[in-house]
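Chemist:
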Amino acid sequence: MVNDEVKLYTTAGSPFVFRVQLALNLKGINYKTVEENLKNKSVDLLNYNPVHKEVPVLVHNGNPIPESLVIVEYIDDVWKGFPILPHDPYEKSVVRFWARFIDSTCIPALCKVFGNNGAEQAIADACEQLQVLENELVVKGNKFFGGDNINLIDIAASFIAYWLGMLEEGTEIKFVTKDKFPRITEWADNFVKVEVVKDVLPPRIIPPKAQLLAYFKQRFGDS
113 MVNDEVKLYT TAGSPFVFRV QLALNLKGIN YKTVEENLKN KSVDLLNYNP
163 VHKEVPVLVH NGNPIPESLV IVEYIDDVWK GFPILPHDPY EKSVVRFWAR
213 FIDSTCIPAL CKVFGNNGAE QAIADACEQL QVLENELVVK GNKFFGGDNI
263 NLIDIAASFI AYWLGMLEEG TEIKFVTKDK FPRITEWADN FVKVEVVKDV
313 LPPRIIPPKA QLLAYFKQRF GDS
């Protein structure tokens, strides 16, 4: 697919855009980046993702694909090279399950901690979900969720590996420690050291505490 036209609609620092950028880099795909201002979204973005009206959106030969994990799976289906999902149907279903669990359960629980100013119950709920991932890493006994190499689960969990620490530092709400989650901490350290991951990670910029808390309270707070 030498003559493919690949465009990625992005915004700086997004953990969901990062997932797609990492997948594209793992496959060695050349692509054009279209930077979006989410306060003044382009007509193209609204047309390409009319449901959620958010980035990332991948446009491949004129065909738009929204939603980060959907895009990553599409990339793995279309382009050869580094395998992001297993070929075996059962193993693939297991990987998809864990990626969805992270996306639909773990990350929302983590975000609610900051949306509720570090409330005890919110932290307990988030730690309960993280413990599920901790146990999975213990059972697997591997460097990554994908084994010796990263896969879709690791890509889905990249928010935990990089962005969560910045949120904890910026809000001064610290609840993920090495003592509580030794395997997750070890996995995160290994993940951010992978060369292709380092090439894509955005600069470590921590917004002001008040700004962070206001954002998460608006999106994830109980009140």
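Residue numbering for the sequence shown follows our numbering, beginning at 113 and increasing consecutively. For each residue, glycine too, the CB sits at the ideal point set by N, CA and C.
1) Name the residue from Asn142, Asp260 and Asn149 whose alpha carbon lies nearest to the alpha carbon of Gly125.
2) I need the straight-line Cα distance from Leu157 to Asp291, nearest angstrom please.
3) Mind listing, in chain order, the continuous alpha helix (DSSP H) runs of no fewer than 4 residues lying wholly within the region 133-211?
4) What are the boundary residues of the alpha helix (DSSP H) that includes Val225?
5) Do you know how far the Cα of Cys223 is from the Cα of Gln133?
6) Which stretch, first to last residue, makes up the beta strand (DSSP E) that contains Tyr121?
7) Would you call the region 311-325 and the region 211-220 in contact, with 3 or more CB pairs under 8 angstroms?
8) Check whether the region 255-269 and the region 182-198 touch, using three or more Cβ-Cβ pairs below 8 angstroms as the test.
9) Taking the alpha-carbon positions, what's the Lys192 to Met278 distance?
10) Identify which residue in Ile187, Val244 and Asn228 has its Cα closest to the Cα of Pro294.
11) Considering only their Cβ atoms, is the gap separating Leu138 from Leu170 smaller than 8 angstroms?
12) Which runs of the alpha helix (DSSP H) spanning at least 4 residues fall entirely within the region 219-303, listed in chain order?
13) Distance check for Ile183 and Glu284, CA to CA, integer angstroms please.
14) From Arg131 to Glu232, what does the alpha carbon distance come to, in whole angstroms?
15) Using a 10 Å radius around the Cβ and a threshold of 16 neighbouring Cβ atoms, would you call Ser205 buried or exposed?
16) In whole angstroms, what is the alpha-carbon distance linking Ile296 and Tyr143?
17) When burial is assigned at 16 or more other CB atoms within 10 Å of the CB, is His172 buried or exposed?
Modeler: In terms of the structure at hand:
1) Numbered from 1 along the sequence shown, position 13 holds the residue referred to as residue 125. Nearest C-alpha to Gly125: Asn149.
2) Here the question's residue 157 lines up with position 45 in the sequence shown. Here the question's residue 291 lines up with position 179 in the sequence shown. The straight-line gap from Cα to Cα measures roughly 43 angstroms.
3) Counting only runs of at least 4 residues, the region 133-211 fully encloses the following alpha helix (DSSP H) elements, listed from N- to C-terminal order: 155-160 and 180-190.
4) As a working note, residue 225 is residue 113 in the sequence shown. Ile219 to Gly227 is the span of the alpha helix (DSSP H), which, as asked, contains Val225.
5) The sequence position of residue 133 within the sequence shown is 21, counting from 1. The sequence position of residue 223 within the sequence shown is 111, counting from 1. Roughly 22 angstroms separates the two Cα atoms.
6) By 1-based counting over the sequence shown, the position of residue 121 is 9. Val118 to Thr122 is the extent of the beta strand (DSSP E) around Tyr121.
7) With a cut-off of 8 angstroms, the region 211-220 and the region 311-325 do not count as touching, because too few Cβ pairs lie within range.
8) Here the region 255-269 makes contact with the region 182-198; the two share three or more CB pairs at distances below 8 angstroms.
9) Within the sequence shown, numbered from 1, the residue matching residue 192 stands at position 80. Within the sequence shown, numbered from 1, the residue matching residue 278 stands at position 166. Answer to the nearest angstrom: the Cα atoms are 34 angstroms apart.
10) Locating residue 294 in the sequence shown gives position 182, counting from the first residue. Of the listed residues, the one whose Cα sits closest to Pro294 is Val244.
11) Counting from one through the sequence shown, the residue named residue 170 turns up at place 58. Counting from one through the sequence shown, the residue named residue 138 turns up at place 26. The answer is no: Cβ separation not under 8 angstroms.
12) The region 219-303 is shown to contain whole alpha helix (DSSP H) runs of 4 or more residues at 219-227, 232-252, 264-268 and 276-283, in chain order.
13) Your numbering for residue 284 matches position 172 in the sequence shown. Your numbering for residue 183 matches position 71 in the sequence shown. C-alpha of Glu284 to C-alpha of Ile183: approximately 33 angstroms in a straight line.
14) Locating residue 131 in the sequence shown gives position 19, counting from the first residue. Locating residue 232 in the sequence shown gives position 120, counting from the first residue. Looking at the two C-alpha atoms, the distance is approximately 30 angstroms.
15) Numbered from 1 along the sequence shown, position 93 holds the residue referred to as residue 205. Ser205 should be labelled exposed.
16) Working through the sequence shown from its first residue, we reach residue 296 at position 184. Working through the sequence shown from its first residue, we reach residue 143 at position 31. Their Cα atoms are separated by approximately 32 angstroms.
17) By one-based count along the sequence shown, residue 172 stands at place 60. Label assigned to His172: buried.
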